[in-house]
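Structure first, commentary second.
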Amino acid sequence: MNLDELNKVALAMVAPGRGILAADESSGTIKKRFDAIGVESTEDVRRDYREMLFRSGDGMKHISGVILYDETIWQKGKDGTPLVDIIKKAGAIPGIKVDEGSKPLPNCPGEVVTIGLDKLADRLPKYYAQGARFAKWRAVIDIGAGIPTHTCIYANAHALARYAALCQAAQIVPIVEPEVLMDGGHDIERCFKVTEWVLKETFQQLYHNRVALEGMVLKPNMIVPGKKSGSKASVEEVAARSVKILKACVPAAVPGIAFLSGGQSDEEATAHLDAMNRIGNLPWALTFSYGRALQHAPQTTWRGKSENVAAAQRAFSHRAKMNGLAAMGQWKADLEKKAA
Ligand code: 13P
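Following my numbering, the numbering of the sequence shown begins with 55 at its first residue and continues without gaps.
What follows is the structure, given as structure tokens:
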């Protein structure tokens, strides 16, 4: 393992004013997104849609890396250029989602564990050869009555650490993503406590598996009340609580933290990131690794129609720019209104 090189890639992924585009929806998830805008999900349409984002010009200036799904990393654009080359030409680093989804965790009703470790050591060199310099593995922790259990948190943290160690051995920067879901009816305090538990266990497992923290990026949830709780937290409270828990759990050796959006609205995800960066004096870079909060606007503008491509690219570029500003604590709400 060349740790200097891993560290350089990790730092580039969280470079000032730039963040990550999560375009790694599984075939099932992208079908759901396309169903919502009345678009049929075929291999060619998925390719065209993602190529449209990667060719959005201005927007890509704020994108440091793109997380791809296995299908996409091997695809070529309409003119025959490999999509990874289009991404590199735009100045971004190609990355790859390597987990294989989740399965129910035995004896733990309502909980899942992420799978995909078995052949990972053989798969990683192929992705490296295809241009991937970082990878992603997502663990999912749900909050509800009697959950999460220690069994679920331990099993998922252990798998994340095994994955991260395998990535570094293959000279690939692991994005370590332990996501505490915001779907439940819990309050913000419970999100705070569960996230603390999950992060503590994750970094313990990373240590036991000898993962070099300088060569990874953390992708956590923000601290927010559950969607079904009906309660709302102010932007300042979300930012203060998120920074507080990260400071308590994430060593300063980690180069950067790139948040998931998790179902927040586009503007909430931007405002929260901005407020965190305005707190300042942080030991790591704080940026975005958004899926929905970057793609919702272009998807609803595009709706599968070629005449909407330019407008969809503008919608994507706008969100990328807003989040790029938020990653520096320089976003302002009236920039959204001006664009509208
Ligand atoms: P969202 O920003 O839509 O939560 O997706 C980010 C991601 O990559 C989840 O694994």
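Virtual Cβ for every residue (Gly too), placed ideally from N, Cα, C.
Source: prediction; values computed, not measured.
Under the three-state reduction of DSSP, residue 130 is assigned to strand.
Within the same chain, 280, 282 and 283 come within 7 Å of residue 239 by CB-CB distance, once the 5 residues on both sides are set aside. Taken through DSSP and simplified to helix, strand or coil, residue 233 comes out as strand.
139 is the residue among 277, 294, 139 and 131 whose C-alpha sits nearest the C-alpha of residue 119. Contact annotation: the region 368–377 does not touch the region 92–105, with fewer than three C-beta pairs closer than 8 Å. Inter-residue distance for residue 378 and residue 341 is about 8 Å (C-alpha atoms, whole angstroms). Between residue 74 and residue 121 a beta carbon distance of about 6 Å is seen, short of the 8 Å cut, so the two are scored as contacting. Taking 8 Å as the upper bound for CB-CB distance, residue 257 and residue 295 are not in contact here, some 19 Å apart. Distance from the CA atom of residue 183 to the CA atom of residue 154, rounded to whole angstroms, is 20 Å. Membership of residue 340 in the beta strand (DSSP E) is indicated by the continuous run 339–344.
For residue 289, there is no enclosing beta strand (DSSP E); the residue is found in the alpha helix (DSSP H) stretching over 289–303. In the three-state reduction of the DSSP assignment, residue 307 falls in the coil class. Listed by position in the chain, the residues whose beta carbon lies within less than 5 Å of some heavy atom of ligand 1 are 76, 192, 314, 315, 316, 344, 345 and 346. Cβ-Cβ distances below 7 Å link residue 270 to 64, 218, 227, 228, 230 and 308 in the same chain, with the five nearest sequence neighbours on each side left out; the list follows chain order. Note on geometry: alpha-carbon atoms of residue 123 and residue 76 lie some 9 Å from one another. Only residues of its own chain outside the window of five on either side were considered, and among them 315 have a CB closer than 6 Å to the CB of residue 346, listed in chain order.
Within the region 151–239, the complete beta strand (DSSP E) runs of at least 3 residues fall at 156–158, 166–168, 188–195 and 227–234. In the three-state reduction of the DSSP assignment, residue 369 falls in the helix class, which pools H, G and I.
With a contact defined as Cβ atoms closer than 8 Å, residue 207 and residue 197 miss out at about 11 Å.
Nearest neighbour of residue 66 by Cα position, chosen from 339, 136, 364 and 366, turns out to be 339. In the three-state reduction of the DSSP assignment, residue 113 falls in the helix class. Per DSSP, the continuous beta strand (DSSP E) segment holding residue 74 begins and ends at 73–77. Per the coordinates, the alpha-carbon of residue 333 lies some 36 Å from the alpha-carbon of residue 156. Here residue 127 is near residue 150, since their CB atoms are less than 8 Å apart. When DSSP states are grouped into helix, strand and coil, residue 122 belongs to the strand group. The three-state reading of DSSP puts residue 91 in coil, since its state is none of H, G, I, E or B. Here residue 354 has 91 as same chain residues with Cβ atoms under 7 Å from its own Cβ, once five neighbours each way along the sequence are excluded. Around residue 293, the same chain offers 326, 329, 330 and 333 as residues with beta carbons nearer than 7 Å, after the five sequence neighbours per side are excluded. Here residue 384 is exposed. Its C-beta has fewer than 16 other C-beta atoms within 10 Å. Taking a C-beta distance under 8 Å as the contact criterion, residue 191 and residue 159 do not qualify as a contact pair. Here the alpha carbon of residue 250 sits roughly 43 Å from the alpha carbon of residue 362. Residue pairing for residue 246: DSSP places it in no beta bridge. Within the same chain, Cβ atoms closer than 8 Å to the Cβ of residue 387 are found at 321 and 325, the five residues on either side in sequence being excluded.
The Cβ atoms of residue 319 and residue 273 do not sit closer than 8 Å to each other.
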